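Trainee: Below you will find the structure I want to go over with you.
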Amino acid sequence: MPYQNRLIDRLDMLASCGADEAGWERAVEQIRAHGVSGVNMGEMDARTGEILWMRSTMSEEWISTYIREDFAKHDPMVHHAMRSTEVKIQDVADAPEAQPLRDIYDSMKQEGHQCTYGRASLTARKDVRCVINLASDQPLEDFIAEDGEPLLRLTLSLLTERFGQAKFGDVYAGQTGTLTGRERTILQLMGLGLRNDRIAERCGIAEVTVRMHMAAARRKLGATTREHALAIALTRGLIDL
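What the sequence shown shows, in full-length UniProt numbering, is residues 1 to 241, in sequence order.
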């Protein structure tokens with residue numbers, strides 16, 4: 001199936017889920033069909049790494065152990081989220097020897113997970129990050145193979161936009177209407193899978209201008225990445241594919 005069709009299918013699949021507990025359960029059920037075997041999501045203090053709240057599809061035993069052993073203090077995803085909003089990909093097989101990190105990886109293996117794919121996003125509060133981490137029972141190379149990573153990035157953004165706490169604040173309200181026609185066009189072409197050079201060619205502008213418009217759109221939408229901006233624009237009906 002062409003990338004554009006798969007992107008639209010993924011958008012339709014998640015956009016139809018309400019931003020409530022029932023919608024969360026439906027979204028999790030839907031993405032399980034695409035190789036996702038577990039989801040951890042929550043907010044954390046980026047200064048200290050403290051978990052403020054957490055939603056998880058992991059087993060009760062895993063969650064209890066994670067909390068009891070205070071794994072958050074050593075969790076690589078938490079430490080990564082304290083300093084970056086870039087994607088973190090982890091092969092569970094690459095477990096370090098040192099404890100308690102090895103216990104964290106072993107607990108993932110026991111749950112049947114082989115890899116994780118996660119990212120932190122900025123929220124309405126300066127020092128708070130919304131973190132989402134997808135686990136898969138597939139080998140890493142299979143999970144992200146053949147355009148898999150762009151779709152995973154979009155999935156992270158859509159789940160964060162719909163179920164992250166920042167979604168319910170006023171930080172994004174009133175800003176979406178300031179997108180210019182050019183910014184909407186560039187977001188739409190990006191959603192169709194075009195690279196910056198192709199977008200520049202289609203619009204008759206320089207590639208550096210494309211990057212400037214994209215940066216402006218991200219800023220206006222309060223998005224941390226290109227994919228996050230696309231997810232916000234799509235879910236709010238600012239563009240369609």
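Positions of the beta carbon are idealized from the N, C-alpha and C atoms, including for glycine. Note that the coordinates shown come from a computational prediction; the quantities given were computed from them, not determined experimentally.
1. Return the CA-CA distance between Gly169 and Glu97, expressed in angstroms with no decimal places.
2. Could you pull out every residue in the same chain whose Cβ sits closer than 6 Å to the Cβ of Leu14, ignoring the five residues on either side in sequence?
3. Identify whether Met82 lies in helix, strand or coil by the three-state DSSP scheme.
4. Exposed or buried, what is Gly35 when buried is set at 16 or more other beta-carbons lying within 10 Å of its beta-carbon?
5. What residue does the alpha helix (DSSP H) around Gly148 start on, and which one ends it?
6. Go through the stretch 4-79 residue by residue and report every complete run of the beta strand (DSSP E) that reaches 3 residues or more, in order.
7. Comparing C-alpha positions only, which one of Asn133, Asp20, Thr185, Arg162 sits nearest to Thr85?
8. Contact defined as beta carbons within less than 8 Å: I believe Ala206 pairs with Ala215. What is the distance between those atoms, to the nearest angstrom?
9. Using only the alpha-carbon positions, how far apart do Tyr89 and Ile8 sit?
10. Would DSSP call Gly174 helix, strand or coil?
11. Rounded to the nearest angstrom, what separates Glu227 and Tyr105 at their Cα positions?
Mentor: With the structure as the only source:
1. Summary for Gly169: the model assigns pLDDT 29, below 50, so the residue's position carries little reliability; its value from the coordinates is reported in the next sentence. Computed Cα separation, rounded: 42 Å.
2. Counting only Cβ-Cβ distances below 6 Å, and skipping sequence neighbours, we find Ala27, Leu158.
3. In the three-state DSSP reduction, Met82 falls in the helix class (H, G or I).
4. With 16 or more Cβ atoms within 10 Å of its Cβ, Gly35 is classed as buried.
5. For Gly148, the enclosing alpha helix (DSSP H) has its first and last residue at 148-163.
6. Complete beta strand (DSSP E) runs here, min 3: 36-45, 51-56.
7. When each option's Cα is compared against that of Thr85, the closest is Asn133.
8. Rounded, the Cβ-Cβ distance is 14 Å, inconsistent with contact.
9. Checking the sequence, you will find Ile at residue 89 rather than Tyr. When rounded, the distance between both Cα atoms is 24 Å.
10. Any answer about Gly174 is weak, because its pLDDT of 31 lies below 50 and its placement is not dependable; what the coordinates show is given next. Here Gly174 sits in coil by DSSP.
11. Rounded to the nearest angstrom, the two C-alpha atoms are 29 Å apart.
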